[in-house]
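Undergrad:
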Amino acid sequence: MSNNNETIFAKIIRKEMPAKFLYEDSKCIAIYDAFPFREGHFLVIPKKFSKNITEMDDDTAGHIFNVARKLAKKEILDKGIPGFKVVINTNEMADQTVFHTHIHVIPIREKVILMK
Numbered sequence: 001m002s003n004n005n006e007t008i009f010a011k012i013i014r015k016e017m018p019a020k021f022l023y024e025d026s027k028c029i030a031i032y033d034a035f036p037f038r039e040g041h042f043l044v045i046p047k048k049f050s051k052n053i054t055e056m057d058d059d060t061a062g063h064i065f066n067v068a069r070k071l072a073k074k075e076i077l078d079k080g081i082p083g084f085k086v087v088i089n090t091n092e093m094a095d096q097t098v099f100h101t102h103i104h105v106i107p108i109r110e111k112v113i114l115m116k
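For what it's worth, UniProt numbering labels the leading residue of the sequence shown as 1, then goes sequentially.
This is the structure we're talking about:
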């Protein structure tokens, strides 16, 4: 597991690694997923490090959720895509691979099963 200065997301936040940015403010970034589940899949990532959502402070958690919600409306629903999924993987058992909290927002154009 990486510490907060070594994760790929920390490097992207510091602009040490390239990414396709969708949004940025003082508390978070949103980037398109490098390995999208569906076209338009993006991530909302807090700048303040926490390993997973259970370690986040309430202000940061609320902020990134609101950013995810607003971007999903603008980038998905307002463009005529009928739905989306919001996914937060927490710990290895739940397939978290980057141990820096992040929200996946995945456009859904047709009925699919992402989770059972």
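C-beta: ideal position from N, C-alpha, C; glycine also.
Can you give me the start and stop residues for the alpha helix (DSSP H) that Phe65 sits inside?
TA: By 1-based counting over the sequence shown, the position of residue 65 is 65. Where Phe65 is concerned, the enclosing alpha helix (DSSP H) stretches over Asp58 to Glu75.
Undergrad: Out of curiosity, what's the CA-to-CA distance linking Phe99 and Pro82?
TA: Counting from 1 along the sequence shown, the entry for residue 99 is found at position 99. Counting from 1 along the sequence shown, the entry for residue 82 is found at position 82. When rounded, the distance between both Cα atoms is 31 angstroms.
Undergrad: Can you say whether Leu43 is buried or exposed, counting buried as having 16 or more other CB atoms within 10 angstroms of its CB?
TA: Against the sequence shown, residue 43 aligns to sequence position 43. Buried is the call here.
Undergrad: Quick check: is any heavy atom of the ligand SAH less than 7 angstroms from the C-beta of Asp25?
TA: The ligand SAH is not part of the structure shown, which contains no ligands of any sort.
Undergrad: Drop a sphere of 10 angstroms on the beta-carbon of Ala94, count the other beta-carbons inside from all chains shown, and report buried for 16 or more, exposed for fewer.
TA: Position 94 of the sequence shown, counted from the first residue, corresponds to residue 94. Looking at its Cβ environment, which holds fewer than 16 other Cβ atoms inside 10 Å, Ala94 is exposed.
Undergrad: Quick check: Ile108 and Arg14, are their CB atoms within less than 8 angstroms of each other?
TA: Looking up residue 108 in the sequence shown gives position 108. Looking up residue 14 in the sequence shown gives position 14. Against a cut-off of 8 angstroms, the Cβ pair of Arg14 and Ile108 comes out as no contact.
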